[in-house]
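J.: For the sequence shown, the numbering used here gives the first residue as 80, with consecutive numbering after it.
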Amino acid sequence: MNIHTFILGFIGLVLTFYILFIGKAIIIPLVIAIIIWYIIIALTGAYKKIRIGSWHIPHWLALIMSLLSFLFLAWLFVGFVNSNISEVIEAAPKYQAKFQSFINDLNNRFNLEEKITFSQISEWINVGTLATTAAGIITTIAGFMSMIILYVLFLLLEYHTFDWKIKALFPEKKRRESTENLIDKIATDINTYIKIKTFVSALTAIVCYIILLAMGIQFAGFWAVLIFVLNFIPNVGSLVAVALPVLFSIIQFDLSHALLLAILLVATQISIGNFLEPRLMGKSLNLSPLVIIISLVIWGSIWGIVGMFLCVPIMVIINIILAKFDSTRPIAILLSSKGILNL
80 MNIHTFILGF IGLVLTFYIL FIGKAIIIPL VIAIIIWYII IALTGAYKKI RIGSWHIPHW
140 LALIMSLLSF LFLAWLFVGF VNSNISEVIE AAPKYQAKFQ SFINDLNNRF NLEEKITFSQ
200 ISEWINVGTL ATTAAGIITT IAGFMSMIIL YVLFLLLEYH TFDWKIKALF PEKKRRESTE
260 NLIDKIATDI NTYIKIKTFV SALTAIVCYI ILLAMGIQFA GFWAVLIFVL NFIPNVGSLV
320 AVALPVLFSI IQFDLSHALL LAILLVATQI SIGNFLEPRL MGKSLNLSPL VIIISLVIWG
380 SIWGIVGMFL CVPIMVIINI ILAKFDSTRP IAILLSSKGI LNL
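1. Does the region 288 to 301 come close enough to the region 259 to 277 that 3 or more CB-CB pairs lie under 8 Å?
2. Does DSSP classify residue 129 as helix, strand or coil?
3. Is residue 239 helix, strand or coil when you go by DSSP?
4. Comparing alpha-carbon positions, which option in 353, 335 and 301 lies nearest residue 317?
5. Starting from the N-terminal side, write out each stretch of the beta strand (DSSP E) that is 3 residues or longer and does not extend beyond the region 297 to 332.
6. Residues in its own chain within less than 6 Å of residue 299 by CB, not counting five upstream and five downstream?
7. Taking the alpha carbon of residue 101 as the point to measure from, which residue in 228, 383 and 304 has its own alpha carbon closest?
8. Once you ignore the five residues that flank residue 231 on each side, which residues in its own chain have a CB closer than 7 Å to its CB?
9. Buried or exposed: residue 284, going by 16 or more other Cβ atoms within 10 Å of its Cβ?
10. Short check: CB of residue 108 to CB of residue 227, under 7 Å?
11. If you compare alpha carbons, which of 409, 269, 92 and 324 is closest to residue 302?
12. For the alpha helix (DSSP H) containing residue 388, name the first residue and the last one.
13. Compute every distance between the C-beta of residue 236 and the non-hydrogen atoms of the ligand GDP, then say whether any falls below 6 Å.
14. Buried or exposed: residue 411, going by 16 or more other Cβ atoms within 10 Å of its Cβ?
15. Can you tell me where the alpha helix (DSSP H) holding residue 410 begins and where it ends?
16. What's the C-alpha gap between residue 388 and residue 162?
17. Taking the alpha-carbon of residue 339 as reference, which of 328, 240 and 118 has the nearest alpha-carbon?
18. With distances taken from CA atoms, which of 135, 130, 104 and 90 is nearest residue 385?
19. In whole angstroms, what separates the C-alpha of residue 414 from that of residue 375?
20. Apply the 10 Å Cβ neighbour rule to residue 333 and answer buried if 16 or more other Cβ atoms are within range, or exposed otherwise.
21. When you compare only the Cα positions, how much space is there between residue 355 and residue 251?
22. Could you check how far apart the C-beta atoms of residue 416 and residue 359 are, in whole angstroms? I think they sit under 8 Å.
23. Tell me the residue span of the alpha helix (DSSP H) that contains residue 360.
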């Protein structure tokens, strides 16, 4: 690689990230729409496998069933989140007052020279702000909803023409098969990641919900939903998911209660996230932990919270594409978890 190629590549990379940043109002709804479209297509494929004797569900009926299933699950999830957020916002002032009393007791008990003030740490444990932020994320997605729905409809309409377009773009059989294998590899790995990550996040949320209920933590449903969602953000998400209910339990009860809750929640996160998830994920992810952290920072700075959720699928796709070409394969090796590529 000569200096001119390197400079052109660097300029192209900077320009790409600049376009992704300034065009996020258009690109983010498209990315969300692609994920929704992908889930609908995956559900359609699952429904088509259902057989009753020699009869199986036709494609059109499977597509309708997958659309209705997705809409029903989305309606249940949004409804559950909204009801819990409303409850949290309503009770927030009472808990903020408890938090102020806790700070005063802490100052008096340890006779601190530099007094801890409410304003210094209220943002970290401000229940009302937390709930309002969660509601704001839903509102932001709702604001994109018309554009997302439009994208999804066009993707569904275009889906049956993808194979024809691939054949038209690559009339040579060898190149066409290579491209189809690349697309299949991306689809398989992303499908594996979404299914396993959803299962692991749901399992973690359910176990944590039982723990929160058993320990009498208020808004257990709200914290469980937060744990489920935040677990999709690698590394940092699980840490925040544990920290928030633990900090809240200090306000509701005391430090000893919060310590026990922290031990139980951390044990759950470690046992599921560090032992069960890697076993289920296998070699499909194949990304270095350092690469995941760096991509989390980069995509989070470009697309905010949406970028944090999407950083892993995006890096999986990039790594698969880089591994396909001889000139970029060394970069894919550096990005991989153990320097071994699953070609």
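Using N, Cα and C, we set each Cβ at its ideal position, and we do this for glycine too.
T.: Taking the definition as stated:
1. no
2. Locating residue 129 in the sequence shown gives position 50, where the first residue counts as 1. Reduced to three states, the DSSP call for residue 129 is coil.
3. As a working mapping, residue 239 is identified with position 160 in the sequence shown. In this structure, residue 239 counts as coil in the three-state DSSP scheme.
4. As a first step, residue 317 must be located in the sequence shown, where it is residue number 238. Answer by Cα proximity: 353.
5. none
6. Position 220 of the sequence shown, counted from the first residue, corresponds to residue 299. Closer than 6 Å at Cβ, skipping near neighbours: 288, 291 and 292.
7. In the sequence shown, counting from the first residue as 1, residue 101 sits at position 22. The residue with the shortest Cα to Cα distance from residue 101 is 383.
8. In the sequence shown, residue 231 corresponds to position 152, counting from 1. Around residue 231: 112, 115 and 116.
9. Within the sequence shown, residue 284 is the residue found at index 205, counting from 1. Label assigned to residue 284: buried.
10. Working through the sequence shown from its first residue, we reach residue 108 at position 29. Working through the sequence shown from its first residue, we reach residue 227 at position 148. In contact: residue 108 and residue 227 (Cβ atoms closer than 7 Å).
11. Numbered from its first residue, the sequence shown carries residue 302 at position 223. When each option's Cα is compared against that of residue 302, the closest is 324.
12. The residue given as residue 388 occupies position 309 in the sequence shown. Start and end: 384 to 403.
13. The ligand GDP is not part of the structure shown, which contains no ligands of any sort.
14. For the purposes of this step, residue 411 is identified with residue 332 of the sequence shown, where counting begins at 1. Under this definition residue 411 is a buried residue.
15. Counted from its first residue, the sequence shown places residue 410 at position 331. From DSSP, the alpha helix (DSSP H) with residue 410 extends over 408 to 414.
16. Position 309 of the sequence shown, counted from the start, is the residue given in the question as residue 388. Position 83 of the sequence shown, counted from the start, is the residue given in the question as residue 162. Answer to the nearest angstrom: the Cα atoms are 23 Å apart.
17. Position 260 of the sequence shown, counting from 1, holds the residue named residue 339. It is 328 whose Cα lies nearest to the Cα of residue 339.
18. If you number the sequence shown from 1, residue 385 lands on position 306. The option with the nearest alpha carbon to residue 385 is 104.
19. Your numbering for residue 414 matches position 335 in the sequence shown. Your numbering for residue 375 matches position 296 in the sequence shown. Computed Cα separation, rounded: 14 Å.
20. As a working note, residue 333 is residue 254 in the sequence shown. Flag for residue 333 reads exposed.
21. Residue mapping note: residue 355 aligns to position 276 of the sequence shown, counting from 1. Residue mapping note: residue 251 aligns to position 172 of the sequence shown, counting from 1. In a straight line, the C-alpha of residue 355 is about 43 Å away from that of residue 251.
22. One-based indexing of the sequence shown puts residue 416 at position 337. One-based indexing of the sequence shown puts residue 359 at position 280. The Cβ separation is near 15 Å, so there is no contact.
23. The residue given as residue 360 occupies position 281 in the sequence shown. Its alpha helix (DSSP H) spans residues 356 to 360.
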